[in-house]
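Everything on this sheet refers to the single structure shown next.
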Amino acid sequence: TLKNAVSDIHSVARWGIAGILGITLFAYSGHWWGKAVAHEKAELAAYKTKVMTQASEQQEAQKRNYSLEIRGTGIAVHEWHQSSIWREIEKKKSNFESIYFSAPKGYDSDLSSREITVKVNTRVAFQHSAGESVAYWPVPTFAIAPPKQPSDTGAADNIVSGRNAATLGVSLFLWQDSENTLHAQSMIERFFQFFDKNPQVPQALIISRDGDVTRNGLRVAGTPGLQNAQVVPTVLESMTGLLVSRSDRVDRYIRPYTLDEAEDNQNKNTDLGKLWAFYWNRDDAFMEQYKDGQRAKGVVIPKSPGTMSTAYWQSQLPTLWKTTSNRGPGNFEPSPWLPIRWGQHQVKEFDAAPVLGYLHRPIKASMQDENGKRLKPALQAKALQAAWIQALDTLPEGQKPVRVFYDST
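Here the sequence shown is numbered in this note's numbering, starting from 9 and rising by one per residue.
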């Protein structure tokens with residue numbers, strides 16, 4: 009009927025309007041949803057950019073302020089050691105005079121006495137620095153000594169001589185780097201680069217040795233050496249050692265996986281005992297390999313540095329890992345710097361060593377222009393001032409240097 013037809017038309021119209029409205033709403037909601045998603049994406053992108061910028065700024069700040077914890081420091085110059093040197097500096101109260109005698113009468117004429125001083129100073133410096141290192145874990149070591157002759161083994165042999173002099177019976181060391189030079193700047197830079205390139209290293213040691221007696225042993229064969237004479241030394245017998253650490257690395261890579269077992273390096277049923285025995289076995293093998301290499305170069309009486317190189321040690325670790333169990337808490341993955349888990353006694357030893365201070369990344373003040381020409385005095389002063397401001401910027405907010413030591417060389 010007409011009524012029904014009109015009703016059907018109205019029904020269709022209603023559905024049509026509803027359908028059109030539904031399509032319109034769907035289109036609008038789709039448009040709204042698209043705008044919302046686009047907005048969220050934009051916000052997310054902005055957030056990511058902000059986070060990345062903050063992270064980049066933090067990384068730059070860390071790079072600028074980057075420092076290493078000083079856990080042990082040993083210093084011996086002539087016949088004064090550790091705090092006695094500072095005692096003499098305070099007693100002298102002069103920024104322009106040495107605390108050491110300027111006249112020959114203040115020095116022993118006996119050469120053998122000076123040689124004994126070298127041994128004592130080596131023991132003191134190594135004991136107060138390396139002595140704070142974690143036992144049974146091979147510590148990467150950097151060594152500096154005066155220029156040598158081609159036949160000399162070089163600065164690396166100071167590692168084993170220091171270990172023996174300080175009687176560090178349960179300490180293990182690796183020859184990481186060495187240089188025979190009169191300037192330590194490049195070695196300090198490599199020291200920091202080493203930590204940059206090896207993010208799992210928790211500790212490292214740097215040692216130096218110099219003096220007339222030390223240089224006498226490195227002179228050209230056949231040239232006159234030191235004599236028994238009362239003279240002012242050209243270079244006082246000086247030995248230093250610095251043990252540094254990164255606590256954050258111990259917290260991340262070591263502490264969660266430590267073993268609670270007895271401290272026994274002779275028990276070959278434990279990973280610690282296996283590592284100890286393996287270290288000394290490989291150390292002997294390295295010395296023979298090193299001497300063979302020297303013989304191949306024509307050296308008649310080859311000498312070894314006395315301490316295994318890091319590269320050799322790490323190349324041998326796959327053999328060790330075939331024997332270790334790696335039992336313990338968490339998912340510990342052995343690595344070249346952490347071949348086995350530390351024991352709780354080692355972590356306690358690490359924690360017991362106080363943080364004495366911080367070694368900051370070196371900041372250079374170039375005294376040359378871009379063409380390599382020496383800067384004029386006024387520009388040198390400005391360069392030093394800029395570097396000094398940069399150095400101060402590495403300190404925590406509100407802190408400033410208390411004492412400044414300078415080297416006129």
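Positions of the beta carbon are idealized from the N, C-alpha and C atoms, including for glycine.
{"Asked": "From what residue to what residue does the beta strand (DSSP E) around Y261 run?", "Found": "Careful: Y261 lies outside any beta strand (DSSP E) and carries neither H nor E."}
{"Asked": "In chain order, which alpha helix (DSSP H) runs of at least 4 residues are fully inside the region 357-405?", "Found": "385-400"}
{"Asked": "Between the Cα of N273 and those of S179, T130, N172 and D377, spot the shortest distance and give me the residue it belongs to.", "Found": "S179"}
{"Asked": "Threshold first: 4 residues or longer. Then list the alpha helix (DSSP H) segments lying entirely within the region 109-154, N to C.", "Found": "119-137"}
{"Asked": "Among all the DSSP beta bridges, which residues are the ones paired with M247?", "Found": "A84 and R217"}
{"Asked": "In the DSSP assignment, find the alpha helix (DSSP H) that holds E187 and state where it starts and stops.", "Found": "Unbroken run through E187 is the beta strand (DSSP E), F181 to N188; no alpha helix (DSSP H)."}
{"Asked": "Kindly give me the distance between the Cβ atoms of G225 and L244, rounded to whole angstroms, as I take these residues to be in contact under 8 Å.", "Found": "Their Cβ separation, rounded to whole angstroms, is 16 Å, which puts G225 and L244 out of contact at 8 Å."}
{"Asked": "Between M247, A386, F199 and Q324, which lies nearest to W88 when the distance is taken from Cα to Cα?", "Found": "M247"}
{"Asked": "Please classify I78: is it buried, with 16 or more other beta-carbons within 10 angstroms of its beta-carbon, or exposed?", "Found": "buried"}
{"Asked": "Which residues mark the beginning and the end of the alpha helix (DSSP H) in which P326 is found?", "Found": "T318 to W329"}
{"Asked": "To the nearest angstrom, report how far apart V126 and N289 are at their CA atoms.", "Found": "30 Å"}
{"Asked": "Under DSSP, the alpha helix (DSSP H) around E98 begins and ends at which residues?", "Found": "S91 to K100"}
{"Asked": "With DSSP as the reference, label S280 as helix, strand or coil.", "Found": "Position check: residue 280 holds Leu in this sequence, whereas Ser was assumed. Note: L280 maps to helix in three-state DSSP."}
{"Asked": "Looking at C-alpha atoms only, which residue of W94, L76 and G82 is the closest neighbour of R418?", "Found": "Outside the displayed range of the chain (9 to 417) lies residue 418, so it cannot be described from this structure."}
{"Asked": "Is it buried or exposed, F104, if we count other Cβ atoms within 10 angstroms and call 16 or more buried?", "Found": "exposed"}
{"Asked": "Count the other CB atoms within 10 Å of the CB of N335; is the residue buried (16 or more) or exposed (fewer)?", "Found": "Reading off the sequence shown, one finds Arg at residue 335, where the question assumed Asn. Burial call: exposed."}
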